[in-house]
Amino acid sequence: MKKVNIPRVVIAATQSSSGKTTVVTGILRALKNKGLNVQPYKVGPDYIDPSYHGMAAGRKGHNLDTWLVDESMINDLFVQESKDADIAIIEGVMGLYDGGKNGVSSTAQLAKKLNAPVILVINVQSMGDSAAAIALGFKLYDSDVNLAGVILNKLGSPTHKALIEEAMKKINMPVYGAIFRDDSVHMPERHLGLTPAGENNAREVIEKISEKIAQEVYLDEIIELAKTAPAIEVEKFEPENIKKDITIGIAQDKAFSFYYPASLAQLENLGAKLKFFSPLEDEAIPDDVDALIFGGGFPEVFAQELMQNTSMIKSIRKANERKMPIYAECGGFMYLMQGIYDFEQRFYEMVGIIPAKAQMNKKLQTVGYVKAKILQDNILGKQNDEIKGHEFHFSTQIDTQDESFPWAFEFTKMRNNMKYKAGYIKDNIVGSYLHLHFLGSKQNVKYFVEKIRAYKKSLEMEEN
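As structure tokens, this is what we get:
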């Protein structure tokens, strides 16, 4: 065991839509502009917020999820990714105490795990002294959470600011920022939340936000607060030196961008070289890959372009005919289906190696953590193996009423224990709406990599 000093602070909120992500993104950029190496994190499974974090900080944003990843590994991941940073900024999820049963995967649980001070963002629009009552309630709710201060967001005027700051003094609550309302400063959104940073004028938006934050948030005081966090105790991390003997093609572009950096690193740690390709723009999958992974994203937004790239579709079909291992999550799962009905019921033909269709719906269909029991042996594991994951999608899998349909998993929702069959599994393919974090599914990912090695070896034997 060793102890490591990493200045750190959690930026939490009273609830969703408090402006927390905008504030955090601005803080990250403003600190970088001051010359600091800033390591960003996001509590929970969200893919999109970290894309803004990474762009703002100039280094990859990582997720810290105490349910998807064993709690015992959180500190190791945090220290490994923060080792050369001057400060770590951790954005919370939802409200500070919101999570699963008993606060599982909540921001509060993560803050306690990392022993990090917390700053609470409060949307004080149309509010006076009540803001102090809210802050005090959050502080008293769990004395093990080090609620060190607040940032006042969406202030209406200097008078409004003075009023609430005076109320905060009454409860001895430090104020780390006072941000005035500006409707021109906001992040672009679509149905899954924020629009991914790579799809818009994100750099311009981030710079504008950071200029405002640099004026209205007390950055030097936040830096000093972060330095008060005690040393973290971790195992000495020594990555395995495994020869990279297989190559995995990773679909990555505007349509498919939902990947955890730590998941991709885990594949590399197990001996895989990664080759990235674009189903939108490339003519075919890379020539020398031994397996394919299609992550989540927004195939429904780019369905026309995906459908028109027929040469890419043909190359994926050929890979499937060769029994190449193929793993797909959510948006990638939809892309491998016969087609997608968009929000206006227009149909777009897709790859067609999964005998089902995806139907977009105006209403969110599923969100939350699930346990997935594997229903038959496959490239991810053995029958009855259990994997942890999460779902978040507006589409549904349709045209699968046949009793013989090869379902991949039996999902159990953690919120209410509801069970249902999901996904698709056959020969070399596994696809579903399930999102995995590979650090939380180590044995299954190792099994997947070994299946890829076996596939590669079988091809070499055929050639000889």
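Sequential numbering from 1 applies to the sequence shown in UniProt numbering.
Glycine included, every Cβ here is placed at the ideal spot set by N, Cα and C.
How long is the line joining the alpha carbons of residue 383 and residue 376, rounded to whole angstroms?
If you number the sequence shown from 1, residue 383 lands on position 383. If you number the sequence shown from 1, residue 376 lands on position 376. Between residue 383 and residue 376, the C-alpha separation is close to 4 Å.
Contact defined as beta carbons within less than 8 Å: I believe residue 121 pairs with residue 18. What is the distance between those atoms, to the nearest angstrom?
If you number the sequence shown from 1, residue 121 lands on position 121. If you number the sequence shown from 1, residue 18 lands on position 18. 5 Å between Cβ atoms; contact.
How big is the Cα-Cα spacing for residue 264 and residue 274?
Counting from one through the sequence shown, the residue named residue 264 turns up at place 264. Counting from one through the sequence shown, the residue named residue 274 turns up at place 274. Straight-line Cα distance between these residues: approximately 8 Å.
Quick check on DSSP: helix, strand or coil for residue 296?
In the sequence shown, counting from the first residue as 1, residue 296 sits at position 296. Correct three-state label for residue 296: strand.
For residue 421 and residue 370, which I take to be in contact (beta-carbon distance under 8 Å), what is that distance rounded to the nearest angstrom?
The residue given as residue 421 occupies position 421 in the sequence shown. The residue given as residue 370 occupies position 370 in the sequence shown. At roughly 12 Å, the Cβ-Cβ gap does not stay under 8 Å, so residue 421 and residue 370 are not in contact.
Can you say whether residue 102 is buried or exposed, counting buried as having 16 or more other CB atoms within 10 angstroms of its CB?
On the sequence shown, position 102 is the one that residue 102 refers to. Looking at its Cβ environment, which holds fewer than 16 other Cβ atoms inside 10 Å, residue 102 is exposed.
Quick check: the Cα distance between residue 164 and residue 128, rounded to an integer number of angstroms?
As a first step, residue 164 is located in the sequence shown; it is residue number 164 there, counting from the start. As a first step, residue 128 is located in the sequence shown; it is residue number 128 there, counting from the start. About 6 Å.
Can you list, in chain order, the residues of its chain with a C-beta nearer than 7 Å to that of residue 221? Leave out the 5 residues immediately preceding and following it.
In the sequence shown, residue 221 corresponds to position 221, counting from 1. Around residue 221: 176.
Based on Cα-Cα distance, which residue from 107, 87, 379, 15 lies nearest to residue 219?
Position 219 of the sequence shown, counting from 1, holds the residue named residue 219. Nearest option by C-alpha distance: 87.
Which of helix, strand or coil does DSSP assign to residue 160?
Position 160 of the sequence shown, counting from 1, holds the residue named residue 160. If DSSP states are grouped into helix, strand and coil, residue 160 belongs with the helices.
So the alpha helix (DSSP H) residue 387 belongs to, where does it begin and stop?
As a first step, residue 387 is located in the sequence shown; it is residue number 387 there, counting from the start. Per DSSP, residue 387 belongs to no alpha helix (DSSP H); it is in the beta strand (DSSP E), 386–393.
With a 10 Å radius around its C-beta and 16 neighbouring C-beta atoms as the bar for buried, classify residue 418 as buried or exposed.
Within the sequence shown, numbered from 1, the residue matching residue 418 stands at position 418. Exposed is the call here.
Quick one: using the 10 Å Cβ neighbour count with 16 as the cut-off for buried, is residue 68 buried or exposed?
Sequence index remark: in the sequence shown, residue 68 carries index 68 (1-based). By the neighbour-count rule (16 or more Cβ atoms within 10 Å), residue 68 is buried.
To the nearest angstrom, how far is it from the Cα of residue 92 to the Cα of residue 11?
Locating residue 92 in the sequence shown gives position 92, where the first residue counts as 1. Locating residue 11 in the sequence shown gives position 11, where the first residue counts as 1. C-alpha separation (whole angstroms): 6 Å.
Looking only at its chain, what residues have a beta carbon closer than 6 Å to the beta carbon of residue 196, apart from the 5 residues adjacent to it on each side?
Stepping through the sequence shown from its first residue, residue 196 is reached at position 196. Closer than 6 Å at the Cβ level, and outside the excluded window around residue 196, lie 48, 51, 257.
In chain order, which alpha helix (DSSP H) runs of at least 4 residues are fully inside the region 37–119?
Within the region 37–119, the complete alpha helix (DSSP H) runs of at least 4 residues are 48–57, 71–82, 107–114.
Which value, in whole angstroms, describes the spacing of the CA atoms of residue 203 and residue 30?
Walking along the sequence shown from the start, residue 203 turns up at place 203. Walking along the sequence shown from the start, residue 30 turns up at place 30. Cα-Cα distance, rounded: 13 Å.
Is DSSP giving residue 463 helix, strand or coil here?
Your numbering for residue 463 matches position 463 in the sequence shown. Helix, per DSSP.
In the DSSP assignment, what residue or residues form a beta bridge with residue 184?
As a first step, residue 184 is located in the sequence shown; it is residue number 184 there, counting from the start. Paired residue(s): none; residue 184 is not in a bridge.
I need the straight-line Cα distance from residue 162 to residue 431, nearest angstrom please.
What you label residue 162 is simply residue 162 of the sequence shown in a count that begins at 1. What you label residue 431 is simply residue 431 of the sequence shown in a count that begins at 1. Distance between the alpha carbons of residue 162 and residue 431: 55 Å.
If I'm right that residue 391 touches residue 368 with Cβ under 8 Å, what's the distance once you round it to whole angstroms?
Here residue 391 refers to the residue found at position 391 when the sequence shown is read from its first residue. Here residue 368 refers to the residue found at position 368 when the sequence shown is read from its first residue. Confirmed, Cβ separation roughly 6 Å.
Which term fits residue 5, buried or exposed, when burial requires 16 or more other beta carbons within 10 angstroms of its beta carbon?
On the sequence shown, residue 5 is found 5 positions in, with the first residue counted as 1. Under this definition residue 5 is an exposed residue.
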